[in-house]
Amino acid sequence: MTTTAVARTAAGPRPATMAQALTRAMRDAMAADPAVHVMGEDVGQLGGVFRITQGLADEFGEDRCTDTPLAEAGILGTAVGMAMYGLRPVVEMQFDAFGYPAFEQLVSHVSRMRNRTRGATPMPLTIRVPYGGGIGGVEHHGDSSEAYYTATPGLHVLTPGTVADAYGLLRAAIASDDPVVFLEPKRLYWSKADWDPEQPERVPGIGRAVVRRPGTTATLVTYGPSVPVCLEAAEAAREEGWDLEVVDLRSLVPFDEETVVASVRRTGRAVVVHEAPGFAGPGGEIAARLGERCFHYLEAPVLRVTGFDIPYPPPMLERHHLPGVDRVLDAVSRLQWEAEWTEGG
Amino acid sequence: MTVLEQPGRAYHPAPPPAWKPRTDAAPLLPDPEPHRVLGTAAAEKTEAGLLRELYGALVTGRRYNEQATTLTKQGRLAVYPSTTGQEACQVAAARALRPQDWLFPSYRDTLAVVARGVDPVQALTLLRGDWHTGYDPAEHRIAPLCTPLATQLPHAVGLARAARLKGDDVVALAMVGDGGTSEGDFHEALNFAAVWRAPVVFLVQNNGYAISVPLAKQTAAPSLAHKAVGYGMPGRLVDGNDVVALHDVLTEAVERARGGGGPTLVEAVTYRMDAHTNADDATRYRTDSEVEPWRAHDPVALLERELTGRGLLDEAGAAAARAAAEELAADMRERLHADAELDPVDLFTHVYAEPTQQLRAQESLLRAELEAELQAEPQTGGEYR
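Going line by line, the protein sequences match chains A and B.
The opening position of the first sequence corresponds to residue -9 in this note's numbering, with each subsequent residue numbered one higher.
The opening position of the second sequence corresponds to residue 611 in this note's numbering, with each subsequent residue numbered one higher.
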């Protein structure tokens, strides 16, 4: 027993959840900068419905980790005023679909305050939104709402796919002088990886994608909750003789076009994978850009594997909606491999 | 046997005693009639210097409204929502604040912005169609003019809270119209302000109309000031054309906020003498017989009567006030008749602190288009636009 306890407190990487990494990111940001204030519904004593703000009110006081009245427009609207006065609010929207009442503040003020004041009034605020499905949540608890945010100029939109990125990206978001919609894949909150909370990795600024798994025959472009799905698909694809590269965007806005383009030019094939509905979703934009910039390198049209164009389904049916390993592999199989073989013969 | 009759079991027909109203509502209620000073005995207690200052500001304010309206007809302003008839509210709002306090105006409140000391050309930048905000909010402690109704109110609450958290003595005064009180943001802002006891004053200019919709179609509340009670803050009702009454009520509300007493909701009862904007036609929804009584209750005339009645204003004084107003109008004409110079490439400059790769590409595209325009069009000394 004693040895176990010692091992647990020893420094170095150890199993940690994405939830823990996010909490740690806020804690470290608050310790480093007294301007950082966390606010939202139930974020104080309870630590948030997902416990992501756990311990912050105890450590920093309720003035810095504040339970607000239950009104999302009011939460974001007051955060705007706090940012105008030089604070760095970190706002929690309790669930993706509960963030919609705040949409007017987001679109009409948060996203354009810097622009409408010609740089005089930046909006250094972070809006954390647990998003995506796969947790068995009932209606309004499983939306992938990223397309609303990426369609709004002036916002940055980040989403982590790993435990380490959860920390690094959230620190970068809070440090940013521009507003960041920080989408937390709630399905990955309890995913684990070896991670060192004492020496957490930072990210090289906002807007850099990362090649999560190198490969040579096709590229899976993905983000957030679909990152583990694509990594699993890439492993399974080896049996078929496909060596898939997985690019984790990490940031939808800014979009790291160069990393994605370089990968697809190298592999010649691409599938974009996300949970959000496909029509007018981020995948359409990415596929269009790949068409514009990789046309002469492509062996097949860029395909998309996305959620269906339906309101988020009830939990008993959500597995049919969410892009899974099989659907990703099926798309990969349709990347015109046959054509390449017959051409030579 | 019913639950009621179960032996040994207490039945509570009322909620447990832990529940009780937290605040006595009575002191929060507004007076039945709007507070007035001009034309009453109280007016004589007001300092002559203040009255003369307010008079000068009202005369200038009226002229500002006229000039801005004229400029829309000349195509120099894209649109102008006039505050003719509401000058007392505009002037009193600006003057109730100390230098460190913040003003949160709606799109109709450019006169309040000017009364607080911003150059009229800067204040009218949005309405001219030249960028969205013409002044530095932090420099003047005035938020950008806000077009989406009532959405600036939560900003005022957040800023006031932030200042208090930092230990700064700052009050925020937020302006909204009667129509704006129907918006959800009005409700949320008042609720947050009251819960946080934030140092905020909400000034509702009830000018009778939201474009064409009269107050009766907007609310069934006894008055807009009554709405305060539901949030646990005092509601004050004031004659919005009586600049001295406004000055008293707003100054008191600012003092209360400053002293930690929390927010106040002030309803100023006034009237929008002009149409909603130059693009509106008020004859489609109201009659002159409705407007006429308000002409007799004009904010400038009310104060003028008080001043002349007490011998505080002679013809020379009135002429001096008019001359100052004319000077402002002449300056507005001269500078707003000059074409604004905008750099189209600025479209990309302030979207983010650092432009994205995609924005840089779009900026290059625009630069190339501008270059091509220059090549194609022979220079004609700027005559040909």
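Virtual Cβ for every residue (Gly too), placed ideally from N, Cα, C.
Measure the Cβ-Cβ separation of residue i and residue j and say whether it is below 8 Å.
{"i": "residue 137 (chain A)", "j": "residue 266 (chain A)", "result": "yes"}
{"i": "residue 121 (chain A)", "j": "residue 173 (chain A)", "result": "yes"}
{"i": "residue 973 (chain B)", "j": "residue 955 (chain B)", "result": "yes"}
{"i": "residue 155 (chain A)", "j": "residue 201 (chain A)", "result": "no"}
{"i": "residue 233 (chain A)", "j": "residue 239 (chain A)", "result": "no"}
{"i": "residue 922 (chain B)", "j": "residue 661 (chain B)", "result": "yes"}
{"i": "residue 214 (chain A)", "j": "residue 149 (chain A)", "result": "yes"}
{"i": "residue 686 (chain B)", "j": "residue 939 (chain B)", "result": "no"}
{"i": "residue 877 (chain B)", "j": "residue 834 (chain B)", "result": "yes"}
{"i": "residue 39 (chain A)", "j": "residue 10 (chain A)", "result": "no"}
{"i": "residue 996 (chain B)", "j": "residue 934 (chain B)", "result": "In the structure as shown, chain B begins at 611 and stops at 995. Residue 996 (chain B) is therefore absent and cannot be evaluated."}
{"i": "residue 648 (chain B)", "j": "residue 912 (chain B)", "result": "yes"}
{"i": "residue 804 (chain B)", "j": "residue 873 (chain B)", "result": "yes"}
Could you check how far apart the C-beta atoms of residue i and residue j are, in whole angstroms? I think they sit under 8 Å.
{"i": "residue 260 (chain A)", "j": "residue 208 (chain A)", "result": "7 Å"}
{"i": "residue 767 (chain B)", "j": "residue 802 (chain B)", "result": "5 Å"}
{"i": "residue 703 (chain B)", "j": "residue 813 (chain B)", "result": "6 Å"}
{"i": "residue 164 (chain A)", "j": "residue 236 (chain A)", "result": "Not really, about 27 Å apart at Cβ, beyond 8 Å."}
{"i": "residue 828 (chain B)", "j": "residue 696 (chain B)", "result": "That pair is no contact at about 17 Å."}
Using the C-alpha atoms, what's the distance from residue j back to residue i?
{"i": "residue 979 (chain B)", "j": "residue 108 (chain A)", "result": "23 Å"}
{"i": "residue 664 (chain B)", "j": "residue 851 (chain B)", "result": "12 Å"}
{"i": "residue 897 (chain B)", "j": "residue 716 (chain B)", "result": "27 Å"}
{"i": "residue 20 (chain A)", "j": "residue 26 (chain A)", "result": "5 Å"}
{"i": "residue 963 (chain B)", "j": "residue 124 (chain A)", "result": "36 Å"}
{"i": "residue 871 (chain B)", "j": "residue 859 (chain B)", "result": "15 Å"}
{"i": "residue 37 (chain A)", "j": "residue 772 (chain B)", "result": "22 Å"}
{"i": "residue 925 (chain B)", "j": "residue 931 (chain B)", "result": "10 Å"}
{"i": "residue 289 (chain A)", "j": "residue 718 (chain B)", "result": "59 Å"}
{"i": "residue 29 (chain A)", "j": "residue 653 (chain B)", "result": "47 Å"}
{"i": "residue -4 (chain A)", "j": "residue 777 (chain B)", "result": "Only weak support is given to the placement of residue -4 (chain A): the predicted model assigns it a pLDDT of 43, under 50, and the value that follows is read from those uncertain coordinates. One C-alpha to the other measures close to 44 Å."}
{"i": "residue 111 (chain A)", "j": "residue 824 (chain B)", "result": "36 Å"}
{"i": "residue 579 (chain B)", "j": "residue 35 (chain A)", "result": "Examination of residue 579 (chain B) is not possible in this model, given that chain B is present from 611 through 995 alone."}
{"i": "residue 268 (chain A)", "j": "residue 153 (chain A)", "result": "26 Å"}
{"i": "residue 212 (chain A)", "j": "residue 272 (chain A)", "result": "10 Å"}
{"i": "residue 779 (chain B)", "j": "residue 765 (chain B)", "result": "17 Å"}
{"i": "residue 783 (chain B)", "j": "residue 747 (chain B)", "result": "14 Å"}
{"i": "residue 159 (chain A)", "j": "residue 890 (chain B)", "result": "49 Å"}
{"i": "residue 284 (chain A)", "j": "residue 255 (chain A)", "result": "6 Å"}
{"i": "residue 335 (chain A)", "j": "residue 241 (chain A)", "result": "Because residue 335 (chain A) sits at a pLDDT of 38, beneath the cut-off of 50, its placement in the model cannot be relied upon, and the following sentence gives the value as read from the coordinates. Each residue's Cα considered, the two are about 43 Å apart."}
{"i": "residue 74 (chain A)", "j": "residue 710 (chain B)", "result": "14 Å"}
{"i": "residue 659 (chain B)", "j": "residue 920 (chain B)", "result": "13 Å"}
Between residue i and the rest of its own chain, which residues show a CB-CB distance below 7 Å, the 5 nearest in sequence each way excluded?
{"i": "residue 892 (chain B)", "result": "885"}
{"i": "residue 324 (chain A)", "result": "293"}
{"i": "residue 865 (chain B)", "result": "none"}
{"i": "residue 279 (chain A)", "result": "247"}
Using CA atoms only, rank isn't needed, just tell me which of the options is closest to residue i.
{"i": "residue 72 (chain A)", "options": "A:303, A:9, A:56 and A:270", "result": "A:56"}
{"i": "residue 180 (chain A)", "options": "A:76, A:142, A:1 and A:8", "result": "A:8"}
{"i": "residue 205 (chain A)", "options": "A:227, A:196 and A:195", "result": "A:227"}
{"i": "residue 13 (chain A)", "options": "A:1, A:6, A:4 and A:44", "result": "A:44"}
{"i": "residue 94 (chain A)", "options": "A:46, A:317, A:262 and A:139", "result": "A:139"}
{"i": "residue 176 (chain A)", "options": "A:263, A:135 and A:161", "result": "A:135"}
{"i": "residue 788 (chain B)", "options": "B:826, B:800, B:764 and B:669", "result": "B:826"}
{"i": "residue 967 (chain B)", "options": "A:197, A:253 and A:299", "result": "A:197"}
{"i": "residue 96 (chain A)", "options": "A:77, A:76 and A:118", "result": "A:118"}
{"i": "residue 65 (chain A)", "options": "A:92, A:50 and A:273", "result": "A:92"}
{"i": "residue 721 (chain B)", "options": "B:678, B:969, B:658 and B:936", "result": "B:678"}
{"i": "residue 298 (chain A)", "options": "A:23, A:317 and A:282", "result": "A:317"}
{"i": "residue 128 (chain A)", "options": "A:33, A:327 and A:308", "result": "A:308"}
For residue i, which residues of its own chain have a beta-carbon under 6 Å away from its beta-carbon, when the five flanking residues on both sides are left out?
{"i": "residue 133 (chain A)", "result": "86, 87 and 302"}
{"i": "residue 99 (chain A)", "result": "70"}
{"i": "residue 743 (chain B)", "result": "754"}
{"i": "residue 169 (chain A)", "result": "100, 113, 115 and 145"}
{"i": "residue 243 (chain A)", "result": "140, 146 and 147"}
{"i": "residue 983 (chain B)", "result": "none"}
{"i": "residue 31 (chain A)", "result": "60 and 84"}
{"i": "residue 950 (chain B)", "result": "740"}
{"i": "residue 861 (chain B)", "result": "706"}
Which same chain residues end up closer than 8 Å to residue i when comparing Cβ atoms and leaving out the 5 residues on each side of it in sequence?
{"i": "residue 986 (chain B)", "result": "none"}
{"i": "residue 342 (chain A)", "result": "Examination of residue 342 (chain A) is not possible in this model, given that chain A is present from -9 through 335 alone."}
{"i": "residue 16 (chain A)", "result": "26, 28, 42, 43, 46, 80, 160 and 164"}
{"i": "residue 142 (chain A)", "result": "96, 97 and 101"}
Would you check whether the ligand COA has a heavy atom nearer than 7 Å to the C-beta of residue i?
{"i": "residue 311 (chain A)", "result": "Within the structure as shown, the ligand COA is missing, as the structure has no ligands at all."}
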